[in-house]
Every structure is written in structure tokens, then in C-alpha cells.
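Undergrad: Using the working numbering, the first residue of the sequence shown is number 462, and each one after it goes up by one.
Sharing a structure, written as C-alpha cells. Questions coming.
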Amino acid sequence: MSTNTTKIAIIGGGMGGLTAAIALTRIAGADVTVFEQARKLGDVGAGVTVAPNGQRVLDRLGVLEKIKRAGAIPDGHGVYQDALGNLVAEAAWEDSAKQYQNVGMYRPDLVNALAGELAPETIRLGHRLTALQHTDTGVRVEFEHGEHGEFDAVVGADGIHSVVRSSLMQLPTPVYSGFIAYRGVLDASLLPDDWPMISQVWMGEGKHFMCYPLKQRKLFNYVGFVPSDRPLKESWSAPGDVAELAAEFAGQNWDPRLRHFISLIEQTFWWGLHDHEPLTNWSEGRVTLLGDSAHTMLPHAGQGVNQAMEDSITLAFFLREASGPAGIAEAFKRYTAVRMQRTAILQNASRRSGSQFDAQNEFEDIAKRDADLRAGRDFRRSVVFDFDAVAAAEKALTRFRRISVA
């Protein structure tokens, strides 16, 4: 981008929005303001995995070591187990070059670490977007309390219920997976001394449970995925019933170690698992989408935040090439074209992983499911973890430059 005074509003101060703010500032030289509707940053305390492909982005932005210090690197590969704890398959946990390993992050720690890379005045809290419209010179944004402003461009990083997306297109119908998730964190000091410091998944009876370490191994993240036909709205923070969670994984058909883990849980939250079909467009004029607002996906592939990170750095590289504000719309089109296929593949892969873990659909044959899980480790490493968003953006830029010259 030819000037560092190009003004960009990012709607949403979550992990994707903050990563985008860092990337657009450091790579594209933009003047960025992040608008977050909450009064404070962060959300309900739970975990997220920063995978090797996301770490590659953070490394390019110069923040990876800070993130790793706040997180927890497992002792080795994770495991998929049957309901009684017998090994089914090992899980990928690092890239092929063994340069980056999965890092378990407590979500508030990740948000705070990313926010700390931005000037305080960059982040505006308590700003709920109510309206957005294109003008002759840019994009006007209006907020609930009456404040408004005009920017050269707007990036919607405001999640599955994105207000920015609703200004661009008819809202996609959320697709309910038929499952809810109980989630939260557990004090790691409560666990037996020999509890493995790795990711573990127990699979059985059409449901599954996973856990992995966070926060320098002081906490364990857990998520219990169970079927439900209750009409539930997608949520990150609805209080859940611990006794109900325990009942879902009770009985002799479940590993005693898992039942002991659940018995230590004092608080849980639930959220209904929704995604939506891949969108056919993310951008209109000087407005574009990023992260969950563009490609909401189920959590089973652990790629939600990592895809938002890939989006962020790709967007920054394309905006850096834009010839001033007038070139933003074209940059947004190119960013969308480059990112849509990969994220659509991973949206579908996330659904498929959920079916694997719960032995549903084509995976009702357990032997086939287990063989597929074992074979999937190399696919996950090569296709997901080895992906380099920076290299992909640079390759695409070279292609677009040739087209422009021709």
C-alpha cells in the first residue's frame, strides 16, 4: 500500500480481528481501528489450539514466541482412543519439518497477547455496530450509542452472527450439527501426577470427549460433544450443568480415567454447534469478511482461529499491493479468490471429523473409521499443518501481477 494513512476499521476484537489488525499495521502499513462490542476483551475461559499453520503466520508477524510462552506445548502427539481408553490412532501435532508444534492456548491469554501488540488507542471497546454503508469516498460505520465514522475500508471479523456480513448479503442459514458441546477448563493440579500432557480424545456411543493442556500446563481444556435435539442457539458462554455432562460419560462403558477427569470439573458452559455452507463471496467494494464471519466451521478440525490467522496475513499482503484507497476493492476481490477454496475445504473437513469421532454417516463401520483416522494423520500434517499462507499469498500476487501486465 502506498500510504500508511489508509484508514481501516476492523469490526470485532476477537482473535481473528486482532491478528488482522497486527498484520494490516505491520505488513500493509495501514491505520487500523478495532471496534469491539464487549466492554472488555476476551471471552469465557476455554482453550484453543494454535496449530503449525497458524503459528507460521504469528512467526511472520513477530509474535509467536510471546504466544508460546503463554501457552502449553504438548509432550508429543495426541491420541484418539475408544471409550475405554484403548489407543485407536496417533494424532498429528507438528508440521513435517518439525519446526512448529501445536500450542494449547487459554483464549483470554491469546486475546490479551495479541492486543498487547497494538497501540492502546487502536482498540475501541463498547462499540456495537448497527449500520454500514458505502459512500463516495469510503465506508461509513454507525454504532449503537450514536457514534459514527468513515473509513477507507471495513473488515468484518465479527463472528457467526456478523453484522458486517448481513450488510453485504442475505444471511446464510445456520446449520445445526445436532450436537452441543460442554466446555471449560480444569485446574491441572487436581489431576493425577502421571496425567499425560498431550491431547486426548475418547470416542464412543455417538459422542466424544477431548482434553489438552493450556497456560504453561496449569490448566486443562476440555470439551464434551454430545447429541441433542433441543432447539439451541449458538453460544460461547451459556452456563451448563456439570451433572448432565457427567451423566453423558457415566458407566462402565467409559474409561475410568475419563470419568475421574469429569468428576473434578466444577463449572461448565455449553454451546450449540452450528456452521454454515461455504459462501460464494466475501467482499463487496471496500468491505470484506474474515474468520468466522466468512467461513464459520465446526471445531472438530481445530482450525477456526488458524484459518482466521491465515486470512489476516493474506489480506495484509494484498492490501500492501493496492495502489492507495482506490485499489482496495480489487485487493479484497483477490484476497477472497485466494482464500475461499481452502476455507471451504476445511469447513467440510471439520464436519467430516465430527462424523469420524462419533462413528456417524460413512463411519458407522468402526474398523473403517479407525483405519481412516490412522491414515488421516499424514493428510492433516501435509495439507493442513504444512500450509504456508505467506508463500501462498506471494505466489498468488505473482500470478496477478502477470495477469495485469498481460
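Here a beta-carbon is modelled for each residue, glycine too, at the ideal position from N, C-alpha and C.
Ignore the nearest five residues each way along the sequence and tell me which others in residue 501's own chain have a CB closer than 7 Å to its CB.
TA: One-based indexing of the sequence shown puts residue 501 at position 40. Closer than 7 Å at the Cβ level, and outside the excluded window around residue 501, lie 586.
Undergrad: Nearest by alpha-carbon distance to residue 577: which of 479, 560, 549, 565 is it?
TA: Along the sequence shown, read from residue 1 onward, the residue named residue 577 stands at position 116. Considering only alpha carbons, the answer is 479.
Undergrad: When burial is assigned at 16 or more other CB atoms within 10 Å of the CB, is residue 690 buried or exposed?
TA: Position 229 of the sequence shown, counting from 1, holds the residue named residue 690. Per the 10 Å Cβ criterion, exposed.
Undergrad: Check the C-beta distance from residue 512 over to residue 846 and give it rounded, since I have them as a contact under 8 Å.
TA: Along the sequence shown, read from residue 1 onward, the residue named residue 512 stands at position 51. Along the sequence shown, read from residue 1 onward, the residue named residue 846 stands at position 385. So it is a contact: roughly 6 Å between Cβ atoms.
Undergrad: Between which residues of its own chain and residue 658 is the CB-CB distance below 8 Å, once the five residues before and five after are set aside?
TA: For the purposes of this step, residue 658 is taken as the residue at position 197 of the sequence shown. Here the set comprises 533, 535, 536, 674, 678.
Undergrad: Let's see if you can read the secondary structure: which residues bound the beta strand (DSSP E) around residue 669?
TA: Translated into positions along the sequence shown, residue 669 becomes position 208. Per DSSP, residue 669 belongs to the beta strand (DSSP E) from 668-675.
Undergrad: Would the beta-carbon of residue 751 fall within 8 Å of that of residue 610?
TA: The residue given as residue 751 occupies position 290 in the sequence shown. The residue given as residue 610 occupies position 149 in the sequence shown. No. Outside cutoff.
Undergrad: Comparing alpha-carbon positions, which option in 613, 858, 699, 633 lies nearest residue 491?
TA: For this step, residue 491 is matched to residue 30 along the sequence shown. When each option's Cα is compared against that of residue 491, the closest is 613.
Undergrad: Determine the direct distance from the alpha carbon of residue 828 to that of residue 473, and round the result to whole angstroms.
TA: Along the sequence shown, read from residue 1 onward, the residue named residue 473 stands at position 12. Along the sequence shown, read from residue 1 onward, the residue named residue 828 stands at position 367. Cα-Cα distance, rounded: 43 Å.
Undergrad: Beta-carbon separation of residue 549 and residue 834 under 8 Å?
TA: As a working mapping, residue 549 is identified with position 88 in the sequence shown. As a working mapping, residue 834 is identified with position 373 in the sequence shown. For residue 549 and residue 834, yes; Cβs fall inside 8 Å.
Undergrad: Anyone know if the C-beta pair for residue 706 and residue 546 falls short of 8 Å?
TA: On the sequence shown, residue 706 is found 245 positions in, with the first residue counted as 1. On the sequence shown, residue 546 is found 85 positions in, with the first residue counted as 1. Against a cut-off of 8 Å, the Cβ pair of residue 546 and residue 706 comes out as no contact.
Undergrad: When you compare only the Cα positions, how much space is there between residue 656 and residue 852?
TA: Numbered from 1 along the sequence shown, position 195 holds the residue referred to as residue 656. Numbered from 1 along the sequence shown, position 391 holds the residue referred to as residue 852. Each residue's alpha carbon lies about 39 Å from the other.
Undergrad: Which whole-angstrom value is the C-beta distance of residue 850 and residue 517, which I expect to be below 8 Å?
TA: Counting from 1 along the sequence shown, the entry for residue 850 is found at position 389. Counting from 1 along the sequence shown, the entry for residue 517 is found at position 56. Confirmed, Cβ separation roughly 7 Å.
Undergrad: Helix, strand or coil for residue 465 per DSSP?
TA: Here residue 465 refers to the residue found at position 4 when the sequence shown is read from its first residue. Any reading at residue 465 must be qualified, since the residue scores a pLDDT of 49, below 50, and its modelled position is unreliable; the value itself is stated next. Residue 465: coil per DSSP, three-state reduction.
Undergrad: In whole angstroms, what is the alpha-carbon distance linking residue 815 and residue 712?
TA: Here residue 815 refers to the residue found at position 354 of the sequence shown. Here residue 712 refers to the residue found at position 251 of the sequence shown. If you take the alpha carbons of residue 815 and residue 712, they lie about 23 Å apart.
Undergrad: Helix, strand or coil for residue 787, going by three-state DSSP, please let me know.
TA: The sequence position of residue 787 within the sequence shown is 326, counting from 1. Three-state result, residue 787: helix.
Undergrad: Taking buried to mean at least 16 other C-beta atoms within 10 Å of its own C-beta, is residue 625 buried or exposed?
TA: For the purposes of this step, residue 625 is taken as the residue at position 164 of the sequence shown. When all chains shown are included, residue 625 counts as buried.
Undergrad: Residue range of the beta strand (DSSP E) that residue 603 falls in?
TA: In the sequence shown, counting from the first residue as 1, residue 603 sits at position 142. 600-604 is the span of the beta strand (DSSP E), which, as asked, contains residue 603.
Undergrad: Quick check on DSSP: helix, strand or coil for residue 649?
TA: The sequence position of residue 649 within the sequence shown is 188, counting from 1. Helix at residue 649.
Undergrad: How many Å lie between residue 664 and residue 762 at the Cα?
TA: Position 203 of the sequence shown, counted from the first residue, corresponds to residue 664. Position 301 of the sequence shown, counted from the first residue, corresponds to residue 762. Their backbone Cα atoms lie some 15 Å apart in a straight line.
Undergrad: Give every residue of the same chain whose Cβ lies closer than 8 Å to the Cβ of residue 465, excluding the five residues on either side of it in the sequence, and list them in chain order.
TA: Start at 1 with the first residue of the sequence shown, and residue 465 comes out as number 4. For residue 465, the pLDDT reaches just 49, beneath the cut-off of 50, and the residue's location in the model is therefore unreliable, although a value from the coordinates is still provided. Excluding residues within five positions, the ones whose Cβ falls inside 8 Å are 490, 491, 492.
Undergrad: Please state whether DSSP places residue 665 in a helix, a strand or coil.
TA: Taking the sequence shown and counting its residues from 1, one reaches residue 665 at position 204. Three-state DSSP puts residue 665 in a strand.
Undergrad: For residue 680 and residue 598, what's the separation of their Cα atoms in angstroms?
TA: Looking up residue 680 in the sequence shown gives position 219. Looking up residue 598 in the sequence shown gives position 137. Cα-Cα distance, rounded: 49 Å.
Undergrad: Could you give the DSSP three-state label for residue 796: helix, strand or coil?
TA: The sequence position of residue 796 within the sequence shown is 335, counting from 1. Looking at residue 796 - three-state DSSP - the assignment turns out to be helix.
Undergrad: Classify residue 833 as helix, strand or coil using the three-state DSSP reduction.
TA: Locating residue 833 in the sequence shown gives position 372, counting from the first residue. Reduced to three states, the DSSP call for residue 833 is helix.
Undergrad: Inspect the beta-carbon positions of residue 808 and residue 756 and report whether they are closer than 8 Å.
TA: Locating residue 808 in the sequence shown gives position 347, counting from the first residue. Locating residue 756 in the sequence shown gives position 295, counting from the first residue. In this structure, residue 756 lies closer than 8 Å to residue 808 by Cβ.
Undergrad: Can you tell me whether residue 859 is buried or exposed? The criterion is at least 16 other CB atoms within 10 Å of its CB, across all chains shown.
TA: Here residue 859 corresponds to residue number 398 of the sequence shown, with the count starting at 1. Residue 859 should be labelled exposed.
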